[in-house]
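Residue numbers (the numbering used here): 101 to 410.
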């Protein structure tokens with residue numbers, strides 16, 4: 101009997117769209133495809149770690165239960181203004197649904213790795229051993245939303261800034277056949293949510309100073325969580341941040357995949373989901389499953405080469 105090739109699964113960055121990775125993994129499993137290597141970037145590292153540690157069922161149950169209010173409570177203004185996520189809440193989330201606080205990458209049943217970005221040098225940093233929670237935390241630290249992570253004298257932020265779909269990392273970890281999930285294929289220009297004209301500021305509300313700026317930012321933050329459908333006013337801070345991240349990650353992903361393409365690319369159609377719309381997990385997971393079904397024939401072909409039979 102032919103020796104099976106090592107299957108690698110790469111889960112790309114994409115904020116709230118990343119819940120679709122859960123659907124992808126579930127659908128692949130129903131086809132008999134179980135990856136030997138799982139790598140992730142940003143939200144992809146969250147799902148990858150949860151899968152590797154055997155906690156994905158708990159994570160899936162939790163994300164299905166999320167409401168808009170739950171998501172709003174997960175984010176909080178901290179006094180240093182280096183992010184909108186309370187570190188204690190983030191650690192509680194990771195411990196409950198992703199990985200134990202002291203869990204080491206080497207101790208899990210799957211080969212796991214994640215990617216982050218060195219904020220000073222701009223270079224990508226691979227986490228292939230050591231603390232799993234630290235690896236996930238660093239990989240998902242989107243600037244402006246999550247605070248940066250201090251690790252070995254470096255400030256680390258979201259890996260999506262340099263390698264949104266880390267195919268190269270997956271191959272380096274020993275994968276011979278790579279299935280990659282790209283969440284950034286159709287998102288450019290899709291996250292401009294705007295106020296109606298009647299919601300414009302009144303003259304007596306035009307104040308100056310930190311309090312006014314903070315109030316404005318909070319309104320923009322709120323509009324990102326609860327977007328309107330019209331297009332009247334210019335984009336605010338968070339809208340600009342979301343679209344800037346989308347543009348950057350789309351261009352980087354295209355460039356890197358041109359030089360190092362996966363064997364199979366899965367692209368969930370989730371451009372309608374906003375940066376922080378984590379409460380729309382049901383839609384995201386369902387689309388993750390659908391994108392696997394759409395690619396079933398191609399998966400059959402590549403898995404036949406890897407000695408799988410669907």
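Ideal Cβ placement from N, Cα and C applies to all residues, glycine included.
Proximity below 8 Å, CB of residue i to CB of residue j
{"i": "residue 363", "j": "residue 402", "result": "yes"}
{"i": "residue 137", "j": "residue 114", "result": "no"}
{"i": "residue 264", "j": "residue 167", "result": "no"}
{"i": "residue 124", "j": "residue 388", "result": "yes"}
{"i": "residue 366", "j": "residue 280", "result": "yes"}
{"i": "residue 139", "j": "residue 233", "result": "no"}
{"i": "residue 224", "j": "residue 262", "result": "yes"}
{"i": "residue 150", "j": "residue 370", "result": "no"}
{"i": "residue 273", "j": "residue 211", "result": "yes"}
{"i": "residue 267", "j": "residue 110", "result": "yes"}
{"i": "residue 194", "j": "residue 236", "result": "yes"}
Nearest to residue i (by Cα), restricted to the options the options
{"i": "residue 384", "options": "118, 260, 112", "result": "118"}
{"i": "residue 257", "options": "172, 108, 217", "result": "217"}
{"i": "residue 201", "options": "270, 400, 191, 207", "result": "191"}
{"i": "residue 135", "options": "270, 282, 379", "result": "270"}
{"i": "residue 165", "options": "226, 398, 405, 379", "result": "379"}
{"i": "residue 489", "options": "255, 208, 146", "result": "In this structure the chain extends from 101 to 410, so residue 489 is not present and cannot be described."}
{"i": "residue 374", "options": "128, 346, 206", "result": "346"}
{"i": "residue 208", "options": "170, 189, 229", "result": "229"}
{"i": "residue 254", "options": "222, 132, 163", "result": "222"}
{"i": "residue 161", "options": "175, 188, 198, 144", "result": "198"}
{"i": "residue 175", "options": "276, 246, 105", "result": "246"}
{"i": "residue 104", "options": "275, 148, 340", "result": "275"}
{"i": "residue 400", "options": "148, 194, 193, 133", "result": "133"}
{"i": "residue 398", "options": "193, 334, 128, 106", "result": "128"}
{"i": "residue 344", "options": "381, 153, 382, 242", "result": "242"}
{"i": "residue 382", "options": "219, 334, 159", "result": "159"}
{"i": "residue 148", "options": "220, 205, 351", "result": "205"}
Heavy atom of the ligand ZN within 7 Å of residue i beta-carbon
{"i": "residue 227", "result": "Of ligands this structure carries none, so the ligand ZN is not represented either."}
Strand pairing of residue i, partner residues [DSSP]
{"i": "residue 140", "result": "111, 214"}
{"i": "residue 345", "result": "Note: residue 345 sits in no beta bridge, so no partner."}
{"i": "residue 251", "result": "254"}
{"i": "residue 162", "result": "DSSP, once it has assigned bridges, lists no residue as partnering residue 162."}
{"i": "residue 366", "result": "281"}
{"i": "residue 134", "result": "Answer is none; residue 134 lacks a bridge partner."}
{"i": "residue 224", "result": "217"}
{"i": "residue 193", "result": "BP columns for residue 193 are empty, so no partner."}
{"i": "residue 231", "result": "204"}
Nearest-angstrom beta carbon gap, residue j and residue i [assumed within contact, 8 Å]
{"i": "residue 142", "j": "residue 244", "result": "Not really, about 14 Å apart at Cβ, beyond 8 Å."}
{"i": "residue 368", "j": "residue 283", "result": "6 Å"}
{"i": "residue 377", "j": "residue 116", "result": "5 Å"}
{"i": "residue 390", "j": "residue 131", "result": "Going by Cβ atoms, the distance from residue 390 to residue 131 rounds to 13 Å, so no, they are not a contact pair."}
{"i": "residue 144", "j": "residue 112", "result": "5 Å"}
- Query: Given 8 Å as the limit, is there contact between the stretch 238 to 254 and the stretch 357 to 372, that is, 3 or more CB pairs closer than that?
  - Reply: In this structure the stretch 238 to 254 does not lie against the stretch 357 to 372, because fewer than three pairs of beta carbons, one per stretch, are closer than 8 Å.
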